[in-house]
Amino acid sequence: MRSVFAKEFRQNHLLVWVGFLLSAAIAVLYWAWTRNYVKTIQDERDLNAFCGIIVLLTTGVVVLVSTAGLFSIETTRGTLPFLLGLPVSRARIWLAKGLAGLAIAISSALLLIVPTSLVLPQIVKEIHFLLYLPDIVTGVLFLFSVTLFCSTVFQRVISVLLVTVIMLAVVLIGEALFLNSVAPILGYDDLFDFTLLSLFLVPAFLLASLFTFSRGELLMTRRKWGLAVFSLLVGILVVGFALYGVRSWMYRYQRSGVKALEAISLHGPFARSAVGGEPVLSLAVAGSPAPFQRDTDHGWVRGGGPYRSRHLVVIDLKTGREALVLPLRKNPGEREADASPDGRFYAQISQGVFGERRLSIWDLRSRRLVHGGMPKRLYGGEIYGLDWSPKGDFLALNVHYRRPARANGRGVMVDGESIYVMRPNGDVVKQIPLWEATPEREPDVYSYFVRWTWAPDGISLYTMRLDGHILRHRVSDGEAQKVWQPPVPDVSLPKGYFWWFNQLIVSPDGRWLVIRGVARTRPQTESSKNLSVTLVISSDGSRAVLISRDIATDLVWSGDRLFLTLFSRSSLSVHRWQPGEDRAVPVATLPLNPAIQKIASLEDGSLLIWGQKQAYLVDQRGKLAPLADPRMRNLPHDYWFLGLDSEGRVIAKNLRGTEIAAIDIKTGQLTKLYP
Amino acid sequence: MSDHGIRSEAVTENYAVVTHTLTRRFGRKLALDSVSARVSVGSIYGLMGPNGAGKTTFIRCLLNLINPTSGSGTVLGHDMVRDSVAVRRRIGHVAALQPLWEWMTVRELANFMAGCYPRWDQEAVKAVLSPVGIDPNDKIEELSRGQRTLAALAVAIGHQPELLLLDEALTGLDPISRREVLRNVIDVMHAENRTVLITGQDIADMERICDHVGFLIKGKLFWESTLDDLKARVKRIRIEHPSGPQPQVPVNALRVERAARETEFTVTDFTRDLVESLAAQGRRVEMLDLSLEDIFVDLASASGGLSAAGPSANAPMKVSA
Numbered sequence: 004m005r006s007v008f009a010k011e012f013r014q015n016h017l018l019v020w021v022g023f024l025l026s027a028a029i030a031v032l033y034w035a036w037t038r039n040y041v042k043t044i045q046d047e048r049d050l051n052a053f054c055g056i057i058v059l060l061t062t063g064v065v066v067l068v069s070t071a072g073l074f075s076i077e078t079t080r081g082t083l084p085f086l087l088g089l090p091v092s093r094a095r096i097w098l099a100k101g102l103a104g105l106a107i108a109i110s111s112a113l114l115l116i117v118p119t120s121l122v123l124p125q126i127v128k129e130i131h132f133l134l135y136l137p138d139i140v141t142g143v144l145f146l147f148s149v150t151l152f153c154s155t156v157f158q159r160v161i162s163v164l165l166v167t168v169i170m171l172a173v174v175l176i177g178e179a180l181f182l183n184s185v186a187p188i189l190g191y192d193d194l195f196d197f198t199l200l201s202l203f204l205v206p207a208f209l210l211a212s213l214f215t216f217s218r219g220e221l222l223m224t225r226r227k228w229g230l231a232v233f234s235l236l237v238g239i240l241v242v243g244f245a246l247y248g249v250r251s252w253m254y255r256y257q258r259s260g261v262k263a264l265e266a267i268s269l270h271g272p273f274a275r276s277a278v279g280g281e282p283v284l285s286l287a288v289a290g291s292p293a294p295f296q297r298d299t300d301h302g303w304v305r306g307g308g309p310y311r312s313r314h315l316v317v318i319d320l321k322t323g324r325e326a327l328v329l330p331l332r333k334n335p336g337e338r339e340a341d342a343s344p345d346g347r348f349y350a351q352i353s354q355g356v357f358g359e360r361r362l363s364i365w366d367l368r369s370r371r372l373v374h375g376g377m378p379k380r381l382y383g384g385e386i387y388g389l390d391w392s393p394k395g396d397f398l399a400l401n402v403h404y405r406r407p408a409r410a411n412g413r414g415v416m417v418d419g420e421s422i423y424v425m426r427p428n429g430d431v432v433k434q435i436p437l438w439e440a441t442p443e444r445e446p447d448v449y450s451y452f453v454r455w456t457w458a459p460d461g462i463s464l465y466t467m468r469l470d471g472h473i474l475r476h477r478v479s480d481g482e483a484q485k486v487w488q489p490p491v492p493d494v495s496l497p498k499g500y501f502w503w504f505n506q507l508i509v510s511p512d513g514r515w516l517v518i519r520g521v522a523r524t525r526p527q528t529e530s531s532k533n534l535s536v537t538l539v540i541s542s543d544g545s546r547a548v549l550i551s552r553d554i555a556t557d558l559v560w561s562g563d564r565l566f567l568t569l570f571s572r573s574s575l576s577v578h579r580w581q582p583g584e585d586r587a588v589p590v591a592t593l594p595l596n597p598a599i600q601k602i603a604s605l606e607d608g609s610l611l612i613w614g615q616k617q618a619y620l621v622d623q624r625g626k627l628a629p630l631a632d633p634r635m636r637n638l639p640h641d642y643w644f645l646g647l648d649s650e651g652r653v654i655a656k657n658l659r660g661t662e663i664a665a666i667d668i669k670t671g672q673l674t675k676l677y678p
Numbered sequence: 014m015s016d017h018g019i020r021s022e023a024v025t026e027n028y029a030v031v032t033h034t035l036t037r038r039f040g041r042k043l044a045l046d047s048v049s050a051r052v053s054v055g056s057i058y059g060l061m062g063p064n065g066a067g068k069t070t071f072i073r074c075l076l077n078l079i080n081p082t083s084g085s086g087t088v089l090g091h092d093m094v095r096d097s098v099a100v101r102r103r104i105g106h107v108a109a110l111q112p113l114w115e116w117m118t119v120r121e122l123a124n125f126m127a128g129c130y131p132r133w134d135q136e137a138v139k140a141v142l143s144p145v146g147i148d149p150n151d152k153i154e155e156l157s158r159g160q161r162t163l164a165a166l167a168v169a170i171g172h173q174p175e176l177l178l179l180d181e182a183l184t185g186l187d188p189i190s191r192r193e194v195l196r197n198v199i200d201v202m203h204a205e206n207r208t209v210l211i212t213g214q215d216i217a218d219m220e221r222i223c224d225h226v227g228f229l230i231k232g233k234l235f236w237e238s239t240l241d242d243l244k245a246r247v248k249r250i251r252i253e254h255p256s257g258p259q260p261q262v263p264v265n266a267l268r269v270e271r272a273a274r275e276t277e278f279t280v281t282d283f284t285r286d287l288v289e290s291l292a293a294q295g296r297r298v299e300m301l302d303l304s305l306e307d308i309f310v311d312l313a314s315a316s317g318g319l320s321a322a323g324p325s326a327n328a329p330m331k332v333s334a
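Protein sequence lines, in the order shown, are assigned to chains H and U.
Position one of the first sequence corresponds to residue 4 (the working numbering), numbered consecutively onward.
Position one of the second sequence corresponds to residue 14 (the working numbering), numbered consecutively onward.
Set out below in structure tokens:
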């Protein structure tokens, strides 16, 4: 076997040097083409992208050519009978040749680092990142396995090359179809990423190649054809079933270890929008603490603390069935997830093992992945701040990008951020620019942090800079309209103080905007005082009312009334504001002890206050009373408020986090929903 | 072990190759048709047959380069399918105009082969290469066709094979090289009681070197015996009949040629009794010895192996050795 390996390596070693020269040529050409970009490369991901192209192109070509001839050239030149006449089993010959092909690929990949590092010295320092590139490693492995298979089947190198290219195209197309049909049902988008799908096919192709070579004829007979096709199908089935079995087992194993549930989002009924939708609840299973936490206006961000969640489960609250189950990785990648308000779609931003961000959108009715599942490098950077429009027909998210550009005749790297508005199928409708920065031209600090939220009409959205400048953007044409900017009425800022506004909420009727902010010095010192304000601004910006100077912990609109929870030293009070008033008035005061978790508006206009020890109801006249049913006096002891469903029931989880239940606040009846 | 098994083992001890109804189809074409052959240990077995008779297929089956459609066989006591690696470890094989890796030198080829076998005798390789003037440092691509065959032959015997399969290997060799091969390879193997199975079209050579022969025609083994036995049993008989009626010839006579005054035919089961019975009819009977080539032509013609027609009614019966 060693002799065969050495012979193969010697036979093809020229290709390594050809690959070396090829990579040198590609590196130089690529460098010449993008030298301004290359000069600005600082980020390792950019470095990888640059080197990745060279490595993938060159190694791919070397692997394709060297592997294509491994077996077919022996047939073409008539040396195959001589080789097979040796006292070495066919399996060993296949193995020796395969290893030699792999060694050639690795040699060429290592060798081509040299010319690449000449034009880009940083690569030597960051060389280990090349190995982490899944596209390259798995791409080369996949190419190798497909070519090896074709080489054992076909007799001419040109046939092998041709069929390999066709098969790659078929696999790519098949993968696209597969992703959209099977992957969402199995509920694991990452498994069916191209790279991972390729890895799944690698053993199938290798097994088929081995089987065809070991059992096949010398010549291309019909029997050999049948054997090749049969063994490939069997290989795919065997590997597929094995992977599926392993995944199912792991899934069951993980499910059996469910210890805690954390709610991620509750949508449809909770949104209480005009659009009637399917009520869905997404949960992180076995997670404590929650993998996602609400980040004021920017959707969901990953929660702090140890990350142990294993699955993300979307539950249909009507039936209690799982609409979608997405296994989560152990890395802190999964960062945002949210269902559309109509409960039709489910979107998730996740981070792959290799740091790439991806956006996946599922149709919960068909359980099909309608967008994504693959790394979305086209965004060029971070994506976050997922938020559905009120009707669920648009999805908006922040995109932080980096792009090469020319400024004053030289290459620079431009950082920027935009809001991308897209359809649920992933088509980008509009890009709303927020800011762009170059080393020479940086925007002011306020511009970097922009809060935004959808207007209730679902066709425009509001953005607010930290200094309080509010714009309204129309999705259809991106036109921006100025709404409001400081000064804050009735407040004169002391010298050296600046406004930091960090929350923007729109009333359900779209007539009012609520913003909360603090005024502080920069930098903050011990003597600095924070001035808190809550403002209500008319949507045309014509009127701004300072409704509170206290810290409001929770805000909720109920019809055209706004309820706020305000803390004082000894008590917690609920205030209400409605149009026409120039400040929020107290409607109820509670001792601090109830440790209010959440306030929520009910359909009849009353307000539900869910405390740890007792739940209260504030009626439309502002009267505060504990919930009537005696059972409700105990239930809040045991259940953590998550939201309200379309029937006005409280969706809550028990304090141990092992079950989700719906609680009828009028009767106190408790219905277990999950698991 | 069954009685049959014991007999089989006993049989294989004396034979380097034993096949049982070995059959191989290529689609509709029947390349080997129930071939049951036996090659005695230490013999030089010439497998003859016209083009397309199935000789190469037979050898490839022995090497397990192709699987038989049905039937079985043992080579040097090993099952030729199940123990093919063990078989190939003990045999050498050279095919007609053997293609080799042209980028190698002869030395590299020998080293490559040496790495594939547990033992290697470089002197045996030199013994073939030196007399014909092949330098081990010569590249294969620089060698003539005949020299390539010699190089292939040289490396095929480096591991001292107990059975050497020469598939038309002498084709293309000049007389001097052929003589060297015969002297340095085949004679040596024969002297060491090793076996050679050789196929080829040069029947004169075969007649000179083989002690056993088999005729493979259209995939069927029509004859298999020692060369002496073949020559003893296949005879040409001429009967003169100046005026009398045409003599009656045996029903299984081959290539019957009738002339006005004499009739000639070939018999495959010649015995003195046959001559005597023919002579008893009062005619002059002459028995003619046939060369191997004549026998080959007669057998092949009779079996339809040299024509588009099928086997004649008088095709010879297979004779077991």
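In this text, a Cβ means the ideal position worked out from N, Cα and C, and glycines have one as well.
Quick caveat: nothing in here was measured; it's all calculated off a predicted structure.
**OP:** Check whether the Cβ of tryptophan 133 of chain U lies closer than 8 Å to any Cβ atom in chain H.
**Re:** Here residue 133 of chain U corresponds to residue number 120 of the second sequence, with the count starting at 1. It does not: the Cβ of tryptophan 133 of chain U has no partner Cβ on chain H nearer than 8 Å.
Original post:
I think valine 100 of chain U touches asparagine 77 of chain U, with their Cβ atoms under 8 Å apart; what is that distance to the nearest whole Å?
Top reply: Taking the second sequence and counting its residues from 1, one reaches residue 100 of chain U at position 87. Taking the second sequence and counting its residues from 1, one reaches residue 77 of chain U at position 64. The pair is a contact, with the Cβ atoms about 7 Å apart (cut-off 8 Å).
Subject >> Residues that DSSP places opposite tryptophan 114 of chain U in a beta bridge >> reply: For the purposes of this step, residue 114 of chain U is identified with residue 101 of the second sequence, where counting begins at 1. Tryptophan 114 of chain U is not bridged to any residue.
Subject >> Buried versus exposed call for asparagine 411 of chain H [16 or more other C-beta atoms within 10 Å across all chains shown] >> reply: Looking up residue 411 of chain H in the first sequence gives position 408. With fewer than 16 other Cβ atoms within 10 Å, it is exposed.
Original post:
How big is the Cα-Cα spacing for glutamate 404 of chain H and proline 427 of chain H?
Top reply: Translated into the one-based positions of the first sequence, residue 404 of chain H becomes position 401. Translated into the one-based positions of the first sequence, residue 427 of chain H becomes position 424. The identity of residue 404 of chain H in the sequence shown is tyrosine, whereas the question assumes glutamate. So the two alpha carbons sit approximately 21 Å from each other.
**OP:** Please report the Cβ distance between glycine 81 of chain H and proline 112 of chain U, rounded to the nearest whole angstrom; I am assuming they are in contact, meaning their Cβ atoms lie under 8 Å.
**Re:** If you number the first sequence from 1, residue 81 of chain H lands on position 78. If you number the second sequence from 1, residue 112 of chain U lands on position 99. Yes, glycine 81 of chain H and proline 112 of chain U are in contact; Cβ-Cβ is about 4 Å, under 8 Å.
Subject >> Start and end residues, beta strand (DSSP E) containing glycine 646 of chain H >> reply: Locating residue 646 of chain H in the first sequence gives position 643, where the first residue counts as 1. Taken as a continuous stretch (DSSP letters only), the beta strand (DSSP E) holding glycine 646 of chain H covers 642-647.
Original post:
Could you give the C-beta distance for phenylalanine 125 of chain U and serine 110 of chain H, rounded to a whole number, given that I count them as a contact under 8 Å?
Top reply: Taking the second sequence and counting its residues from 1, the one referred to as residue 125 of chain U is at position 112. Taking the first sequence and counting its residues from 1, the one referred to as residue 110 of chain H is at position 107. About 21 Å separates the Cβ atoms of phenylalanine 125 of chain U and serine 110 of chain H, ruling out a contact at the 8 Å cut-off.
Original post:
Going along chain H in order, which residues have a C-beta closer than 7 Å to the C-beta of isoleucine 79 of chain U?
Top reply: Here the question's residue 79 of chain U lines up with position 66 in the second sequence. Those are Glu220 and Leu221, listed as they occur along chain H.
**OP:** State the beta-bridge partners of asparagine 657 of chain H as determined by DSSP.
**Re:** Taking the first sequence and counting its residues from 1, the one referred to as residue 657 of chain H is at position 654. H:Tyr642.
Original post:
In chain H, which residues lie with their C-beta within 7 Å of the C-beta of phenylalanine 125 of chain U?
Top reply: Residue numbering aside, residue 125 of chain U sits at position 112 when the second sequence is read from its first letter. Simply Ser6 and Lys10.
Original post:
Closest by CA to valine 241 of chain H, which one among H:Thr61, H:Arg218, H:Gly395 and H:Phe208?
Top reply: Locating residue 241 of chain H in the first sequence gives position 238, where the first residue counts as 1. Of the residues H:Thr61, H:Arg218, H:Gly395 and H:Phe208, the one whose Cα lies closest to the Cα of valine 241 of chain H is H:Phe208.
Original post:
Taking the alpha carbon of tryptophan 391 of chain H as the point to measure from, which residue in H:Tyr619, H:Thr456 and H:Thr167 has its own alpha carbon closest?
Top reply: Here the question's residue 391 of chain H lines up with position 388 in the first sequence. It is H:Thr456.
Original post:
According to the neighbour-count rule (16 or more other Cβ atoms, all chains shown, within 10 Å of its Cβ), is alanine 2 of chain H buried or exposed?
Top reply: The shown model of chain H, from 4 to 678, leaves out residue 2 of chain H, and the question about it has no answer.
Original post:
Out of H:Val621, H:Ser353 and H:Phe348, which has the shortest C-alpha to C-alpha gap to tryptophan 365 of chain H?
Top reply: Position 362 of the first sequence, counting from 1, holds the residue named residue 365 of chain H. Across the set H:Val621, H:Ser353 and H:Phe348, the C-alpha of H:Phe348 shows the shortest separation from the C-alpha of tryptophan 365 of chain H.
Original post:
Going by beta carbon distance, what residues of the same chain come within less than 8 Å of leucine 398 of chain H, once the five residues before and after it are set aside?
Top reply: Locating residue 398 of chain H in the first sequence gives position 395, where the first residue counts as 1. Leaving aside the five residues that flank leucine 398 of chain H on each side, the residues in its chain whose CB is nearer than 8 Å to its CB run, in chain order, Ser343, Phe348, Ala350, Ile364, Leu389, Asp390, Trp391, Ser392, Val424, Met425, Arg426 and Pro427.
Original post:
Comparing the C-beta of valine 141 of chain U with each C-beta of chain H, is any distance below 8 Å?
Top reply: As a working note, residue 141 of chain U is residue 128 in the second sequence. Valine 141 of chain U does not count as touching chain H.
Subject >> Residue(s) in a DSSP beta bridge with arginine 477 of chain H >> reply: Taking the first sequence and counting its residues from 1, the one referred to as residue 477 of chain H is at position 474. As computed with DSSP, arginine 477 of chain H is found in a beta bridge with H:Ser463.
Subject >> In DSSP terms, what methionine 4 of chain H is bridged to >> reply: The residue given as residue 4 of chain H occupies position 1 in the first sequence. Answer by DSSP bridge pairing: none, since methionine 4 of chain H is not bridged.
Original post:
Using DSSP with H/G/I as helix, E/B as strand and the rest coil, what is isoleucine 147 of chain U?
Top reply: The sequence position of residue 147 of chain U within the second sequence is 134, counting from 1. If DSSP states are grouped into helix, strand and coil, isoleucine 147 of chain U belongs with coil.
**OP:** With DSSP collapsed to three states, give me the class of proline 206 of chain H.
**Re:** What you label residue 206 of chain H is simply residue 203 of the first sequence in a count that begins at 1. DSSP places proline 206 of chain H in helix when its eight states are reduced to three.
Original post:
Does tryptophan 114 of chain U come within less than 8 Å of chain H when only Cβ atoms are used?
Top reply: Indexing the second sequence from 1 puts residue 114 of chain U at position 101. Interface residue, yes.
Original post:
Do serine 421 of chain H and leucine 437 of chain H have their C-beta atoms closer together than 8 Å?
Top reply: What you label residue 421 of chain H is simply residue 418 of the first sequence in a count that begins at 1. What you label residue 437 of chain H is simply residue 434 of the first sequence in a count that begins at 1. The beta carbons of serine 421 of chain H and leucine 437 of chain H sit closer together than 8 Å.
**OP:** Assuming phenylalanine 152 of chain H contacts leucine 17 of chain H (C-beta within less than 8 Å), just tell me the rounded distance between them.
**Re:** As a first step, residue 152 of chain H is located in the first sequence; it is residue number 149 there, counting from the start. As a first step, residue 17 of chain H is located in the first sequence; it is residue number 14 there, counting from the start. Distance from phenylalanine 152 of chain H to leucine 17 of chain H at the Cβ level is roughly 24 Å; contact not present, criterion being Cβ atoms closer than 8 Å.
Original post:
Is there a Cβ from chain H that is less than 8 Å from the Cβ of arginine 101 of chain U?
Top reply: One-based indexing of the second sequence puts residue 101 of chain U at position 88. True, the Cβ-Cβ gap to chain H drops below 8 Å.
Original post:
How far does the beta strand (DSSP E) with proline 84 of chain H in it reach, from first residue to last?
Top reply: Numbered from its first residue, the first sequence carries residue 84 of chain H at position 81. Counting along the chain, proline 84 of chain H sits inside no beta strand (DSSP E); it lies in the alpha helix (DSSP H) bounded by residues 83-87.
**OP:** With 8 Å as the threshold, decide whether the Cβ of phenylalanine 157 of chain H is near any Cβ in chain U.
**Re:** Working through the first sequence from its first residue, we reach residue 157 of chain H at position 154. Phenylalanine 157 of chain H has a beta carbon lying at 8 Å or more from every beta carbon in chain U.
Original post:
Taking any Cβ of chain H, which residues in the region 249-273 of chain U have a Cβ under 8 Å from it, in chain order?
Top reply: Of all residues in the region 249-273 of chain U, none is placed with a Cβ closer than 8 Å to any Cβ belonging to chain H.
Subject >> Residue of U:Val310, U:Val209, U:Ala272 and U:Ser256 minimising C-alpha distance to lysine 248 of chain U >> reply: Here the question's residue 248 of chain U lines up with position 235 in the second sequence. The shortest C-alpha to C-alpha distance from lysine 248 of chain U to any of U:Val310, U:Val209, U:Ala272 and U:Ser256 is the one to U:Val310.
Original post:
Thinking C-beta only, is serine 545 of chain H closer than 8 Å to leucine 569 of chain H?
Top reply: As a first step, residue 569 of chain H must be located in the first sequence, where it is residue number 566. As a first step, residue 545 of chain H must be located in the first sequence, where it is residue number 542. Cβ atoms of leucine 569 of chain H and serine 545 of chain H: not closer than 8 Å.
Original post:
Going by Cα to Cα distance, which pick from U:Pro144, U:Leu110, U:Val94 and U:Leu186 is closest to arginine 93 of chain H?
Top reply: Within the first sequence, residue 93 of chain H is the residue found at index 90, counting from 1. Check the Cα spacing between arginine 93 of chain H and each of U:Pro144, U:Leu110, U:Val94 and U:Leu186: the tightest is with U:Val94.
Original post:
Which residues of chain H have a Cβ atom closer than 7 Å to the Cβ of glycine 128 of chain U, listed in chain order?
Top reply: On the second sequence, position 115 is the one that residue 128 of chain U refers to. The contacting residues are Arg5 and Ser6.
**OP:** Report all residues from its chain with a CB closer than 8 Å to the CB of valine 431 of chain H; omit the five preceding and five following residues, and keep chain order.
**Re:** Taking the first sequence and counting its residues from 1, the one referred to as residue 431 of chain H is at position 428. Correct list, in chain order: Tyr423, Val424 and Met425.
Original post:
Would the beta-carbon of isoleucine 308 of chain U fall within 8 Å of that of valine 280 of chain U?
Top reply: As a working mapping, residue 308 of chain U is identified with position 295 in the second sequence. As a working mapping, residue 280 of chain U is identified with position 267 in the second sequence. No, the Cβ-Cβ distance between isoleucine 308 of chain U and valine 280 of chain U is not below 8 Å.
**OP:** Look at leucine 156 of chain U and isoleucine 104 of chain U and say whether their C-beta atoms are less than 8 Å apart.
**Re:** As a working mapping, residue 156 of chain U is identified with position 143 in the second sequence. As a working mapping, residue 104 of chain U is identified with position 91 in the second sequence. Result no, Cβ atoms of leucine 156 of chain U and isoleucine 104 of chain U do not sit closer than 8 Å.
Original post:
Are the region 62-75 of chain U and the region 34-47 of chain U touching, with three or more C-beta to C-beta distances below 8 Å?
Top reply: Segments in contact, yes.
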